[in-house]
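Working notes, beginning with the structure itself.
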Amino acid sequence: MNQPYKIVIAGNPNCGKSSLFNALTGMRQRVGNFPGVTVDKKSGTFALDNKARASLVDLPGTYSLYPKSPDEYIAYEVLLNPDNRDMPDLVLVVADAANLKRSLLFCSQIIDLKYPVVLVLTMMDVAASKGLSIDYRLLQQQLGIPVVPVNPNQKSGLQSLKTEIAAQYHNRAYSIAPDFVALPGFPAALRQRLVRITGITTPYRLLHIASNFEKMGFWNPQQKEEMREALNDVHFSKAVVQAEEIMARHSRIEELLREAIVQNEPRSRPSVSERIDKVVLHKLWGSLILLGVIFIMFQTVFWLADYPMSWIETGFAWLQNVVSSYLPGGWWNDFIVNGLMAGIGGIIVFVPQITLLFGLITLLEDSGYMARISFLSDRVMRSAGLNGRSVMPLVSGMACAIPAVMSARTIENRTERLITIMVTPFMSCSARLPVYIILIALVIPDHTYLGFIKLQALVMTGMYLLGIFMALMVARVMSWMMRGRERSIYLMELPVYQVPRWRNALQIMYEKAKVFVVDAGKVIMVISLIIWVITSYGPSGKMHAVEQRYAALKAGQHGALSEEQEEQMIADKQEASYAGHLGKLIEPVIHPLGYDWKMGIALITSFAAREVFVGTMATLYSVGDADEDSVPLRVKMANEKRPDGTPVYTLATGLSLMVFYALAMQCMSTLAIVKRETKSWKWPLIQLSYMTVIAYVCSLIVYQVFK
0 MNQPYKIVIA GNPNCGKSSL FNALTGMRQR VGNFPGVTVD KKSGTFALDN
50 KARASLVDLP GTYSLYPKSP DEYIAYEVLL NPDNRDMPDL VLVVADAANL
100 KRSLLFCSQI IDLKYPVVLV LTMMDVAASK GLSIDYRLLQ QQLGIPVVPV
150 NPNQKSGLQS LKTEIAAQYH NRAYSIAPDF VALPGFPAAL RQRLVRITGI
200 TTPYRLLHIA SNFEKMGFWN PQQKEEMREA LNDVHFSKAV VQAEEIMARH
250 SRIEELLREA IVQNEPRSRP SVSERIDKVV LHKLWGSLIL LGVIFIMFQT
300 VFWLADYPMS WIETGFAWLQ NVVSSYLPGG WWNDFIVNGL MAGIGGIIVF
350 VPQITLLFGL ITLLEDSGYM ARISFLSDRV MRSAGLNGRS VMPLVSGMAC
400 AIPAVMSART IENRTERLIT IMVTPFMSCS ARLPVYIILI ALVIPDHTYL
450 GFIKLQALVM TGMYLLGIFM ALMVARVMSW MMRGRERSIY LMELPVYQVP
500 RWRNALQIMY EKAKVFVVDA GKVIMVISLI IWVITSYGPS GKMHAVEQRY
550 AALKAGQHGA LSEEQEEQMI ADKQEASYAG HLGKLIEPVI HPLGYDWKMG
600 IALITSFAAR EVFVGTMATL YSVGDADEDS VPLRVKMANE KRPDGTPVYT
650 LATGLSLMVF YALAMQCMST LAIVKRETKS WKWPLIQLSY MTVIAYVCSL
700 IVYQVFK
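Numbering-wise, numbering that gives the first Met the number 0 puts 622 at position 623 of the sequence shown, and it's gapless, one number per residue.
Here is the structure:
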């Protein structure tokens with residue numbers, strides 16, 4: 000059986016790598032981790048021709064083969080480690096045609112690693128708008144590798160690229176270019192010794208081994224010791240050799256570009272992106288537009304998702320009634336209807352909101368506006384003592400804290416990276432969204448102002464802004480406590496605006512819905528069934544006493560209980576259950592926040608995953624209630640009363656709960672990732688402690704003010 004033809008996509012950040020990857024693979028994509036590290040790897044397959052398929056891996060963006068951050072080491076390790084399972088047969092180097100000089104540095108380094116390389120030129124239209132005319136055929140002749148211009152968004156040039164890749168596949172020796180530059184500062188005697196130690200003969204690979212072998216985990220201790228001796232014998236200077244190499248490359252690149260690029264008169268009018276940026280990057284208007292975009296995003300989530308959410312709730316209530324009427328009575332009926340089905344309903348009902356939120360975020364990324372959010376936030380980040388690179392992990396935290404914490408690897412300064420990791424979980428992630436939605440629907444009136452501004456959307460926006468505000472405040476305090484450290488500089492290049500790809504957004508929506516239902520759904524289902532068990536059963540003496548009391552009452556009323564008595568019997572049984580005992584145990588601690596024992600149970604189970612709150616409440620309010628009058632969870636929660644007859648879910652209680660969920664660290668998976676990233680349990684334990692204290696104090700203040 001033939002080995003698959005392995006291709007990797009490499010290039011600078013924001014050069015169009017992801018667009019090319021999506022255009023080639025379409026829906027045939029997988030998201031996993033690079034071997035041994037918790038960094039996302041996007042991989043997929045596509046057809047070369049009628050006879051063969053190729054596997055494709057998208058490497059993290061990097062500017063050169065001299066990595067500075069942990070994520071850049073991923074690309075480095077894939078390209079340099081001969082035992083890496085992703086080591087490619089072909090490298091597609093994606094280059095921004097408008098910034099070709101910068102892109103060719105990285106391309107020339109990969110050429111000298113002796114990989115078959117295809118240079119893929121993107122953003123040719125942007126180059127033309129800057130007055131640049133690129134003779135890519137002459138560039139191909141000078142580099143000694145194929146050069147193919149493409150526009151992934153419009154699918155132009157893709158067939159030519161596939162034809163070139165197929166030619167590489169059918170003739171594996173094709174397009175191994177000559178050395179781009181010589182390495183005069185790399186002694187021949189040292190190279191020969193390294194060849195004997197490593198078995199590698201490519202000079203440029205040997206230079207990188209000499210420069211970074213201490214950080215390369217694929218050499219054994221004996222090999223490293225021999226390399227160390229060889230380098231000491233010739234007084235090898237990594238900095239000197241690298242500086243000579245980079246200067247030689249830049250000199251050769253300038254010669255190539257003088258011949259291959261003609262600088263015409265640029266267009267007299269500013270480009271569309273430049274005209275838009277004059278408004279959206281304005282100090283005042285840009286910030287107002289950013290707040291407006293965030294508000295419109297949540298307004299849309301509420302408006303569009305309200306309909307499918309109502310349909311799902313009504314459908315599950317109807318289905319529970321049907322199943323309950325056909326199954327025989329007893330514990331089995333209760334388990335299926337109020338344990339299993341209530342748990343599934345608690346998962347499915349929030350799929351519309353989650354898919355819409357991720358779809359809108361994807362559209363913002365595709366359009367180029369997400370990078371502007373990073374730019375606009377940079378000033379605020381610096382006022383909080385953070386590196387500008389902290390912006391993207393924090394923005395990513397609105398989707399999920401786990402990859403956001405891992406993305407902090409791009410921050411070179413260790414202290415700034417640590418602060419970013421410590422405050423990122425304050426950002427309201429998608430797991431909090433179901434909690435916000437159900438509580439806002441319960442306690443916030445469905446008022447509309449000016450005909451289109453929904454009060455509920457304003458409150459949702461406020462919850463996200465609360466997380467941002469608290470993250471910045473805590474970051475400022477941590478920065479003050481760790482003062483005296485070196486400050487780093489954040490440089491970024493803004494991509495041009497593009498029309499979002501709706502197919503890509505729909506694909507992301509599907510993937511996120513699948514992840515929520517399958518991955519989060521498993522946890523929610525397990526917790527829901529556990530909650531059903533501990534709510535349905537309890538110490539035999541107390542449960543038996545409740546049953547006897549109501550049996551006697553029923554006998555004295557000619558074998559029937561009133562509707563109020565039925566509801567009270569269910570409530571008394573729950574209080575006598577194991578769940579009731581656990582809730583009563585922690586109730587004194589949470590009572591000042593306005594919470595009852597049922598909310599206490601939900602707070603405990605939410606440490607497995609925040610979205611479990613909904614499944615827990617669905618089970619708690621369904622146990623013992625399988626009959627023809629089953630109603631949606633929101634209605635049951637709205638009808639819940641305290642012993643004195645007052646509603647459980649008041650404005651004060653609802654706001655207090657939302658604030659607690661916005662600020663508390665209720666995610667064991669995030670704590671595990673923080674431990675892995677910081678290499679210590681010290682920081683996740685500090686994080687858990689201080690976030691819980693802040694959440695408790697803020698929730699207490701909110702409840703006392705609004706009650």
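Yeah, the Cβ is synthetic: ideal placement off N, Cα and C, and Gly gets one too.
Note that the structure is a prediction, hence the values are computed from the model and not measured.
Nearest-angstrom Cα distance between Thr-585 and Thr-534? First, the residue type needs correcting, since residue 585 is Ile and not Thr in the sequence shown. If I take the Cα positions, the gap works out to 16 Å.
Tell me the residue span of the beta strand (DSSP E) that contains Pro-587. Not the beta strand (DSSP E): Pro-587 falls in the alpha helix (DSSP H), residues 577-589.
Taking just the CA atoms, how far does Glu-312 sit from Val-292? 29 Å
Do Pro-151 and Met-123 have their C-beta atoms closer together than 8 Å? Cβ distance not < 8 Å, so Pro-151 and Met-123 don't count as in contact.
Quick one, which of Glu-243, Trp-302, Arg-500, Tyr-72 has its alpha-carbon nearest Lys-154's? Arg-500
Give, in chain order, every unbroken run of the beta strand (DSSP E) that is at least 3 residues long and sits entirely within the stretch 139-197. 146-148
Are the stretch 432-452 and the stretch 412-423 touching, with three or more C-beta to C-beta distances below 8 Å? no
Return the chain-ordered list of same chain residues with a C-beta closer than 8 Å to the C-beta of Ser-576, the five sequence neighbours on each side being excluded. Ile-533, Thr-534, Ser-535, Tyr-536, Gly-537, Met-542
Provide the residue span of the beta strand (DSSP E) that contains Asp-57, from first to last. 52-57
To which residues of the same chain is Ala-22 closer than 7 Å at the C-beta, ignoring the five residues directly before and after it? Pro-151, Lys-154, Leu-157
With a 10 Å radius around its C-beta and 16 neighbouring C-beta atoms as the bar for buried, classify Leu-731 as buried or exposed. Shown here, the chain extends from 0 to 706; a query on residue 731 therefore has no answer.
Extent of the continuous beta strand (DSSP E) run through Gly-10: Taken as a continuous stretch (DSSP letters only), the beta strand (DSSP E) holding Gly-10 covers 4-10.
Val-458 - containing alpha helix (DSSP H), residue span: 454-480
How about Arg-609 and Ala-430: are their beta carbons less than 8 Å apart? Yes, they are a contact pair.
Identity of the residue in Thr-197, Ile-418, Ala-544, Leu-55 nearest Ile-717 by Cα: No statement about residue 717 is possible, as the shown extent of the chain runs from 0 to 706 and does not include it.
Determine whether the beta carbon atoms of Leu-189 and Ala-238 lie at a separation below 8 Å. Cβ atoms of Leu-189 and Ala-238: not closer than 8 Å.
Round the Cβ separation of Asn-11 and Gly-43 to the nearest angstrom and send it over; I've been treating them as touching at under 8 Å. The pair is not a contact, with the Cβ atoms about 21 Å apart (cut-off 8 Å).
For Glu-627, which residues of its own chain have a beta-carbon under 8 Å away from its beta-carbon, when the five flanking residues on both sides are left out? Confidence is the limiting factor: at Glu-627 the pLDDT is only 40, short of 50, which leaves the residue's position unreliable, though a coordinate-based value still follows. Correct list, in chain order: Asn-320, Ser-323, Ser-324.
Where do the N-terminal and C-terminal ends of the beta strand (DSSP E) with Ala-94 fall, by residue? 89-95
Residue range of the unbroken beta strand (DSSP E) whose run includes Ser-132: Membership of Ser-132 in the beta strand (DSSP E) is indicated by the continuous run 131-133.
With a threshold of 6 Å on Cβ separation, who are the neighbours of Tyr-463 within its own chain once the five nearest residues in sequence on each side are excluded? Excluding residues within five positions, the ones whose Cβ falls inside 6 Å are Ser-427.
Nearest-angstrom Cα separation, counted from Ile-144 out to Pro-186: Approximately 28 Å, taken between the alpha carbons.
What did DSSP end up calling Ile-260 once you bin it into helix, strand or coil? Strand at Ile-260.
Using alpha carbons as the reference points, say which of Val-116, Ile-208, Phe-217 lies closest to Tyr-168. Ranking Val-116, Ile-208, Phe-217 by Cα distance to Tyr-168 puts Val-116 first.
Thr-361 and Ile-507: beta carbons closer than 8 Å? yes
For Leu-104, the nearest candidate out of Asp-643, Glu-253, Ala-470 (CA to CA): Glu-253
Between Ala-709 and the rest of its own chain, which residues show a CB-CB distance below 6 Å, the 5 nearest in sequence each way excluded? Outside the shown range of the chain, which is 0 to 706, sits residue 709, and nothing can be said about it.
Short check: CB of Met-657 to CB of Phe-606, under 8 Å? no
Give me the DSSP bridge partner(s) of Ala-46. Checking the DSSP bridge columns, you'll see Ala-46 partnered with Arg-52.
Have a look at Met-369 and Leu-363 and give me their C-alpha separation to the nearest angstrom. Going by the C-alpha atoms only, they are around 6 Å apart.
When the Cα of Gly-599 is compared with those of Asn-638, Ser-561, Thr-652, Arg-633, which residue comes out closest? Thr-652
Expressed to the nearest angstrom, what Euclidean distance is found between the alpha-carbon atoms of Gly-344 and Val-516? 11 Å
In angstroms with no decimal places, state the Cα-to-Cα distance between Leu-581 and Ile-8. 53 Å
Work out the CA separation of Ala-407 and Asn-682 for me, nearest whole Å. According to the sequence shown, residue 682 is Trp rather than Asn. Their backbone Cα atoms lie some 15 Å apart in a straight line.
Reducing DSSP to helix, strand and coil, say where Tyr-702 ends up. The answer is helix: DSSP assigns Tyr-702 an H, G or I state.
Does Lys-553 come out as helix, strand or coil in the three-state DSSP assignment? helix
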